[in-house]
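*Asks:*
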Amino acid sequence: MTDDLDTLARTARLDVLVEGYARVPRVAGTVSVIRDAGRVVVVDPGMVADRELILQPLEDLGIAPGDVTDVVVSHHHLDHTVNIALFPQVPVHDVASVITGDHFERRAADGVQLTPSVRLLATPGHTPQDITTLVGTADDVVALTHLWWTAEGPADDPYTPDRDQLREQRERVLALATLVVPGHGPAFRPGPDTPR
Ligand SMILES: [Zn+2]
Ligand SMILES: [Zn+2]
Numbered sequence: 002m003t004d005d006l007d008t009l010a011r012t013a014r015l016d017v018l019v020e021g022y023a024r025v026p027r028v029a030g031t032v033s034v035i036r037d038a039g040r041v042v043v044v045d046p047g048m049v050a051d052r053e054l055i056l057q058p059l060e061d062l063g064i065a066p067g068d069v070t071d072v073v074v075s076h077h078h079l080d081h082t083v084n085i086a087l088f089p090q091v092p093v094h095d096v097a098s099v100i101t102g103d104h105f106e107r108r109a110a111d112g113v114q115l116t117p118s119v120r121l122l123a124t125p126g127h128t129p130q131d132i133t134t135l136v137g138t139a140d141d142v143v144a145l146t147h148l149w150w151t152a153e154g155p156a157d158d159p160y161t162p163d164r165d166q167l168r169e170q171r172e173r174v175l176a177l178a179t180l181v182v183p184g185h186g187p188a189f190r191p192g193p194d195t196p197r
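By my numbering, the letter at position 126 of the sequence shown is numbered 127, and the numbering carries on one by one without gaps.
Put into structure tokens, the structure is as follows:
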């Protein structure tokens, strides 16, 4: 059921606000916004050179911080979480919970349908607590994920505690997605050279 694409609508609009990079010490996480069924979901409001680099492209799309209805974090590294508080008190979703203000709800993310076209998948690999946000748009099934930092991988993520699990989850996502938005690079179309 979790990986059944027939039940994923194709109505979402996805915009990448910040294309991430990792050129240590300069690092930015990819930040995206999804609009679907009246919800405005920001994914990974993380590390950027200046917060305006998140807020300005949102404004250009006609989205004020107060319009955001949900925040999703792919995992708990600071480069993907440090700017969560740019947005007013909205549900923040991670692999195991949803927090809103001081309200804590325990819930497993795998298979959670945030909107008709937005689904969360538990995809451990980069960390044991990673999730992928699967988005159905008119043109693509998009995976917002840290299973890849960039189109090039790295093939063996130096952070992973379990390479077999990482590979397994990459295969799972590649069976679903036609476009990947990785944690620290431009979106790419998976192909034979995509690290598995
Ligand atoms: Zn990370
Ligand atoms: Zn990262």
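Ideal placement from N, C-alpha and C gives every residue a C-beta, glycine not left out.
Going by the CB atoms, is the gap between P117 and A10 shorter than 7 Å?
*Replies:* yes
*Asks:* Could you tell me the alpha carbon to alpha carbon distance between D131 and G102, rounded to whole angstroms?
*Replies:* 22 Å
*Asks:* Could you give the distance in angstroms between the alpha-carbon of T161 and the alpha-carbon of H127?
*Replies:* 5 Å
*Asks:* Exposed or buried, which one is L79 when buried takes at least 16 other CB atoms within 10 Å?
*Replies:* exposed
*Asks:* Please identify the residue among V136, D165 and V182 whose C-alpha is closest to the C-alpha of R40.
*Replies:* V136
*Asks:* Shorter than 6 Å, the distance from the beta carbon of D80 to the closest heavy atom of ligand 2, or not?
*Replies:* yes
*Asks:* For the region 10-92, which segments carrying the alpha helix (DSSP H) assignment without a break, of at least 4 residues, lie completely within its bounds, in sequence order?
*Replies:* You should have 53-61.
*Asks:* Under 8 Å Cβ to Cβ from D45, same chain only, skipping five residues before and after it: list those, please.
*Replies:* Close CB contacts of D45 within its chain, under the 8 Å cut and outside five residues either way in sequence, are with G30, T31, V32, S33, V73, V74, S75, H81, T82, L145 and G184 (chain order).
*Asks:* What would DSSP say about E153, mapped onto helix, strand or coil?
*Replies:* coil
*Asks:* Should P155 go down as buried or exposed, given a rule of 16 or more other Cβ atoms within 10 Å for buried?
*Replies:* exposed
*Asks:* From the DSSP output, in three-state form, read off Q170 for me.
*Replies:* helix
*Asks:* In whole angstroms, give me the CA-to-CA distance for D140 and R173.
*Replies:* Answer to the nearest angstrom: the Cα atoms are 20 Å apart.
*Asks:* Since V182 is in the beta strand (DSSP E), which residue starts that stretch and which ends it?
*Replies:* L180 to P183
*Asks:* Once the 5 residues before and after P187 are set aside, which same chain residues still bring their CB inside 6 Å of it?
*Replies:* E20
*Asks:* Looking at the structure shown, is L177 part of a helix, part of a strand, or coil, going by DSSP?
*Replies:* In this structure, L177 counts as coil in the three-state DSSP scheme.
*Asks:* Could you pull the DSSP bridge partners for V136 from this structure?
*Replies:* V119 and V143
*Asks:* If you draw a straight line from the C-alpha of D71 to the C-alpha of T179, how long is it?
*Replies:* 24 Å
*Asks:* Confirm the yes/no value for this check: CB of G184, any heavy atom of ligand 2, distance under 6 Å.
*Replies:* yes
*Asks:* Would you mind working out which of D165, V42, D7 and L175 sits nearest V93, comparing C-alpha positions?
*Replies:* V42
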